[in-house]
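Everything below concerns the one structure shown next.
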Amino acid sequence: MNNYCLVPPPVSIKNIAGKYYLSKDNIKLIELYSLDKKIPEFINYTNDTNIPQEAYKLLIKENIIELSSSTNSGKYYGMKTLQQLSRQVDEDGYLMNISIEDN
Numbered sequence: 011m012n013n014y015c016l017v018p019p020p021v022s023i024k025n026i027a028g029k030y031y032l033s034k035d036n037i038k039l040i041e042l043y044s045l046d047k048k049i050p051e052f053i054n055y056t057n058d059t060n061i062p063q064e065a066y067k068l069l070i071k072e073n074i075i076e077l078s079s080s081t082n083s084g085k086y087y088g089m090k091t092l093q094q095l096s097r098q099v100d101e102d103g104y105l106m107n108i109s110i111e112d113n
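Here the sequence shown stands for residues 11 to 113, where the numbers follow this note's numbering.
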């Protein structure tokens, strides 16, 4: 069971064993997305035409963050979810590994 508070709640949240370290600098880059609309380099973004409009897939694993969408709207919503998650790192800067899908 995950302990993350996400608004609105995504369609699917699946926990994966392990944790991902999110540095304070990377948290700042995630927050800056709201201003500059640039995906930080440490996030692997894929434009996947098989994903419905406004939908996204977000995968956080030990050494990687992957975001997939088919539209800018999906990219935006995925980054907003990641921003919410980045505000919920534990005291050591870790996020639980997680897979999220939303539409």
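C-beta atoms are modelled at their ideal positions from N, C-alpha and C, and glycine is treated no differently.
- Message: Check for me: the beta strand (DSSP E) holding L68 runs from which residue to which?
- Response: To locate residue 68, count along the sequence shown from 1; it is residue 58. That run of the beta strand (DSSP E) goes Y66 to K71.
- Message: Can you look up Y87 in the DSSP assignment and give me helix, strand or coil?
- Response: Along the sequence shown, read from residue 1 onward, the residue named residue 87 stands at position 77. Three-state DSSP puts Y87 in a helix.
- Per DSSP, the bridge partner or partners of D102: Residue mapping note: residue 102 aligns to position 92 of the sequence shown, counting from 1. Per DSSP, none; premise fails for D102.
- Item | Whole-angstrom C-beta distance between Y30 and E72, which should lie under 8 Å | Residue numbering aside, residue 72 sits at position 62 when the sequence shown is read from its first letter. Residue numbering aside, residue 30 sits at position 20 when the sequence shown is read from its first letter. Indeed they touch by this definition, with Cβ atoms about 6 Å apart.
- Query: In its own chain, which residues sit with a C-beta less than 8 Å from the C-beta of E41, not counting the 5 before and 5 after it?
  - Reply: Along the sequence shown, one-based indexing puts residue 41 at 31. Around E41: Q93 and S96.
- Message: Am I right that E64 and N113 are in contact with their C-beta atoms under 8 Å? What's the rounded C-beta distance?
- Response: Mapped onto the sequence shown, residue 64 falls at position 54. Mapped onto the sequence shown, residue 113 falls at position 103. Between E64 and N113 the beta-carbon gap is near 7 Å, inside 8 Å, which marks them as a contact.
- Message: K85 and Y55 - do their beta-carbons sit closer together than 8 Å?
- Response: Along the sequence shown, read from residue 1 onward, the residue named residue 55 stands at position 45. Along the sequence shown, read from residue 1 onward, the residue named residue 85 stands at position 75. Closer than 8 Å, so yes.
- Task: Pull up the distance between the alpha-carbon of N57 and that of D100, whole angstroms please.
- Result: Counted from its first residue, the sequence shown places residue 57 at position 47. Counted from its first residue, the sequence shown places residue 100 at position 90. Computed Cα separation, rounded: 30 Å.
- Query: Since L77 is in the beta strand (DSSP E), which residue starts that stretch and which ends it?
  - Reply: If you number the sequence shown from 1, residue 77 lands on position 67. Element bounds for L77: I74 to S79.
- Item | Closest Cα partner of I53 within the set L45, I70 and G28 | Against the sequence shown, residue 53 aligns to sequence position 43. When each option's Cα is compared against that of I53, the closest is I70.
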